[in-house]
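Scroll down for the structure; my scribbles are underneath it.
Residue numbers (the numbering used here): 1 to 430.
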């Protein structure tokens with residue numbers, strides 16, 4: 001991995017917290033992701049399943065974690081299974097985790113080779129009543145591929161039909177939603193790398209550059225800063241492309257007088273950043289662009305202040321809608337009749353701001369979090385209002401990542417990334 005080693009205290013604490021929520025006489029199993037093929041003998045770069053990483057720090061394919069806090073054998077209360085490495089693998093694929101290195105990375109003392117899994121797992125299953133399966137229950141999930149976890153669940157249910165089954169997801173969602181300080185530090189590093197990439201882009205951008213060239217500038221800076229690259233597919237949307245919310249082609253020329261909506265963030269140690277900025281191709285905003293830009297910025301700043309313990313996600317979005325409605329009235333994009341006659345299920349402001357304002361962020365860009373429970377200290381959210389004007393040929397979105405504090409205003413992980421018009425123009429014209 002490119003990133004610096006993560007303190008295993010984080011993973012030790014995470015496992016302890018998870019096991020404290022388990023039923024008596026139960027065990028939980030977490031599988032790594034598959035290595036996906038592309039055809040012939042080629043594969044996509046491996047990306048670890050975030051749950052097994054959260055609980056172990058093991059960032060390697062073909063890995064299984066078993067947690068069995070009530071095991072009669074103390075050595076089997078935390079067990080990691082990894083692929084046996086050898087000289088041949090080291091030559092062809094690079095060094096893999098040895099048992100000793102796996103213990104160093106994860107803090108797990110009992111490490112077996114994956115070839116021992118079936119035998120050891122059968123032994124542990126005869127000693128427990130319930131098994132926790134790690135199903136994907138994220139509120140946005142729409143995955144059609146059968147995962148390694150799916151196959152494991154099918155096999156285990158067939159082999160052990162008399163056991164009770166439980167879900168890891170509710171426990172994981174609550175745990176992962178509240179970040180440890182080590183996690184916040186990793187998120188901060190991801191944001192710092194994004195900051196470096198954005199500043200590089202500000203110096204690079206001028207009329208005539210291609211959107212993909214800007215994407216390449218980000219990637220160069222991310223990789224040289226120990227990131228694995230983008231946390232998600234980047235959006236580099238010049239002109240009217242900004243009005244396509246998930247525009248990812250990034251293949252158009254950036255023209256004089258246009259704005260570029262940039263939605264890009266670095267990943268660091270599997271932790272995601274998520275930034276949106278909107279900049280002028282020629283380094284100067286027009287008066288109209290400034291007017292709309294500052295309206296979006298005011299909404300972002302006011303919305304950020306609402307991210308405090310006790311706030312309900314749904315009510316928060318209603319209040320942000322009111323802020324945006326006020327700004328759109330001021331811009332002349334809405335009038336009082338539009339608001340008075342609006343459909344409560346699709347308020348008038350949605351014509352110009354049709355997406356949500358905030359989502360959890362962490363190991364996943366759209367991270368775990370229980371949306372119907374009040375916000376609490378340690379939650380990390382994006383704040384990303386926007387105004388989209390296809391009739392005027394531009395769209396503006398501004399987005400920061402912030403940590404909910406126990407007291408006072410949220411802590412902005414992107415506080416150092418330029419966002420004020422004056423600073424952006426100064427950096428683009430120096």
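Glycine included, every Cβ here is placed at the ideal spot set by N, Cα and C.
Check                                                                                                                                                                         : Outcome
Excluding the five sequence neighbours on either side, which residues of its own chain have a C-beta within less than 6 Å of the C-beta of residue 28, listed in chain order? : 67, 132 and 168
Under 8 Å, do residue 317 and residue 357 count as touching if we go by C-beta distance?                                                                                      : yes
What does residue 309 pair with, by DSSP beta-bridge criteria?                                                                                                                : Per DSSP, none; premise fails for residue 309.
Tell me the DSSP secondary structure of residue 296 in three-state form.                                                                                                      : helix
With 16 other CB atoms within 10 Å as the buried threshold, where does residue 312 fall?                                                                                      : exposed
Hey, could you find the ends of the alpha helix (DSSP H) residue 156 is sitting in?                                                                                           : 148-159
Report the CB separation of residue 215 from residue 236 in whole angstroms; it is logged as a contact under 8 Å.                                                             : 5 Å
Measure the Cβ-Cβ separation of residue 211 and residue 250 and say whether it is below 8 Å.                                                                                  : yes
Determine contact between the stretch 405-418 and the stretch 164-181, defined as no fewer than three beta-carbon pairs at a distance below 8 Å.                              : no
Which same chain residues end up closer than 6 Å to residue 105 when comparing Cβ atoms and leaving out the 5 residues on each side of it in sequence?                        : 57
Opposite residue 276 in the DSSP bridges: which residues?                                                                                                                     : 263 and 399
Assign residue 444 to one of three DSSP states: helix, strand, or coil.                                                                                                       : Residue 444 falls outside the range modelled here, since the chain spans only 1 to 430, and no answer is possible.
Near residue 172, what residues of its chain come up, given a Cβ to Cβ distance below 7 Å and the 5 sequence neighbours on each side ignored?                                 : 51 and 368
Select from 427, 391 and 30 the residue whose C-alpha is nearest the C-alpha of residue 135.                                                                                  : 30
I need the DSSP call for residue 389, collapsed to helix, strand or coil.                                                                                                     : strand
By Cβ distance below 6 Å, which residues in the same chain neighbour residue 197 in space, the five residues on each side in sequence not counted?                            : 218, 221 and 222
Can you tell me whether DSSP reads residue 365 as helix, strand or coil?                                                                                                      : coil
Should residue 5 be labelled buried (16 or more other beta-carbon atoms within 10 Å of its own) or exposed?                                                                   : exposed
Out of 100, 295 and 116, point me to the one whose CA is closest to residue 385's CA.                                                                                         : 295
By how many angstroms is the C-alpha of residue 95 removed from the C-alpha of residue 226?                                                                                   : 19 Å
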